[in-house]
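Asks:
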Amino acid sequence: MSEFLTTRDGRRIAYHTLAGRGPGVVFLGGFKSDMTGTKAMHLQNWAERSGRAFLRFDYSGHGDSSGSFEEGCIGEWADDARAVIEALTDGPQLLVGSSMGGWISLLIARALPQRVAGLITVAAAPDFTERGFWAGFDDTQRATLMAQGRLELPSDYDDQPYVITRRLIEDGRDHLVLNGPLRLPFPVRLLQGTADDDVPVSWAMQLLDHADADDLRLTLVKGADHRFSTPECLDLITRTIEDLPDGTG
Numbered sequence: 001m002s003e004f005l006t007t008r009d010g011r012r013i014a015y016h017t018l019a020g021r022g023p024g025v026v027f028l029g030g031f032k033s034d035m036t037g038t039k040a041m042h043l044q045n046w047a048e049r050s051g052r053a054f055l056r057f058d059y060s061g062h063g064d065s066s067g068s069f070e071e072g073c074i075g076e077w078a079d080d081a082r083a084v085i086e087a088l089t090d091g092p093q094l095l096v097g098s099s100m101g102g103w104i105s106l107l108i109a110r111a112l113p114q115r116v117a118g119l120i121t122v123a124a125a126p127d128f129t130e131r132g133f134w135a136g137f138d139d140t141q142r143a144t145l146m147a148q149g150r151l152e153l154p155s156d157y158d159d160q161p162y163v164i165t166r167r168l169i170e171d172g173r174d175h176l177v178l179n180g181p182l183r184l185p186f187p188v189r190l191l192q193g194t195a196d197d198d199v200p201v202s203w204a205m206q207l208l209d210h211a212d213a214d215d216l217r218l219t220l221v222k223g224a225d226h227r228f229s230t231p232e233c234l235d236l237i238t239r240t241i242e243d244l245p246d247g248t249g
């Protein structure tokens with residue numbers, strides 16, 4: 001059963017926590033995903049076996065949380081993440097951000113560096129609304145989005161189409177992380193599949209080059225796709241957590 005946290009903006013955020021030793025692990029999911037996904041549950045099972053504190057949650061408009069997905073945006077989802085981290089965890093946390101969650105975790109790291117013990121991203125997609133969606137739209141799609149406020153795109157992961165809104169695009173521009181300084185003063189590990197059709201390897205390389213970090217490593221997994229959910233990929237995520245130099249391995 002999920003528990004719920006009401007944010008200062010009135011959004012009701014579903015979450016699940018495990019008590020354990022720190023630093024706690026916080027999983028930040030992807031665009032249109034929820035906290036019952038394969039990676040989230042693998043991490044929970046690992047945390048239970050390892051005695052680590054763990055938090056997973058649903059952004060507003062996702063999973064069991066309140067709100068409409070179509071009405072959401074990066075800024076609100078980052079606010080949701082910040083709210084649960086500040087309210088439900090103590091001390092520095094290890095953030096594990098998948099896809100969009102990689103972008104969200106970078107926003108958290110930029111806003112609350114003192115609350116971050118380390119960062120692991122899985123197929124991180126920072127700034128994807130601009131350099132993925134908007135950059136990939138043709139002139140007709142852009143005109144439709146601006147005039148009608150929404151655009152439907154087919155999804156490889158769901159029978160329902162992705163609905164991209166003008167608000168999502170415009171809000172995304174207010175939360176870009178690759179267009180300015182990005183200091184990450186803690187261990188950072190980037191995990192990326194070479195067969196990812198949604199987030200190209202070049203994005204991982206750009207993040208590697210752009211971030212200002214003293215301990216930053218990129219691991220490429222040949223043949224891994226965007227889901228990064230094979231047993232080998234899932235084990236790599238947890239091994240990466242265990243190997244971080246935070247004294248808890």
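Residue 74 in UniProt numbering sits at position 74 of the sequence shown, and the numbers go up by one each step. Don't be surprised by glycine CBs; every beta carbon is placed ideally from N, CA and C.
1. Helix, strand or coil: which one does DSSP assign to G102?
2. Report the option in D215, D243, L207 and D214 whose CA atom is closest to the CA atom of L106.
3. Looking at the unbroken alpha helix (DSSP H) that takes in R8, where does it start and where does it end?
4. Anyone know if the C-beta pair for L94 and P23 falls short of 9 Å?
5. Just verifying my parser: in three-state terms, what is the DSSP assignment at A125?
6. Does DSSP put D243 in a helix, in a strand, or in coil?
7. So, is I237 buried or exposed, given that buried needs 16 or more other C-beta atoms within 10 angstroms?
8. Where does F69 sit, in a helix, a strand or coil, going by DSSP?
9. May I ask which residues mark the beginning and end of the alpha helix (DSSP H) holding E76?
10. Would L216 and L190 be called neighbours here (beta carbons separated by less than 9 Å)?
11. Go ahead and pull the three-state DSSP assignment for I13.
12. Please report the residue range of the alpha helix (DSSP H) in which R49 lies.
13. With 16 as the cutoff for other CB atoms within 10 Å, does Q160 come out buried or exposed?
Replies: Quick answer:
1. Here G102 sits in helix by DSSP.
2. The residue among D215, D243, L207 and D214 with its C-alpha nearest the C-alpha of L106 is L207.
3. From DSSP, R8 is part of no alpha helix (DSSP H); its letter is neither H nor E.
4. Taking 9 Å as the Cβ cut-off, L94 and P23 qualify as a contacting pair.
5. Coil at A125, not helix or strand.
6. Here D243 sits in helix by DSSP.
7. I237 is buried by the Cβ-count criterion.
8. The DSSP-derived three-state label of F69 is helix.
9. It spans I74 to L88 - the alpha helix (DSSP H) in which E76 sits, taken as one unbroken run.
10. Taking the C-beta atoms as reference points, L190 is found nearer than 9 Å to L216.
11. Looking at I13 - three-state DSSP - the assignment turns out to be strand.
12. Taken as a continuous stretch (DSSP letters only), the alpha helix (DSSP H) holding R49 covers T38 to S50.
13. Under the 10 Å beta carbon count, Q160 is surrounded by fewer than 16 other beta carbons and is classified as exposed.
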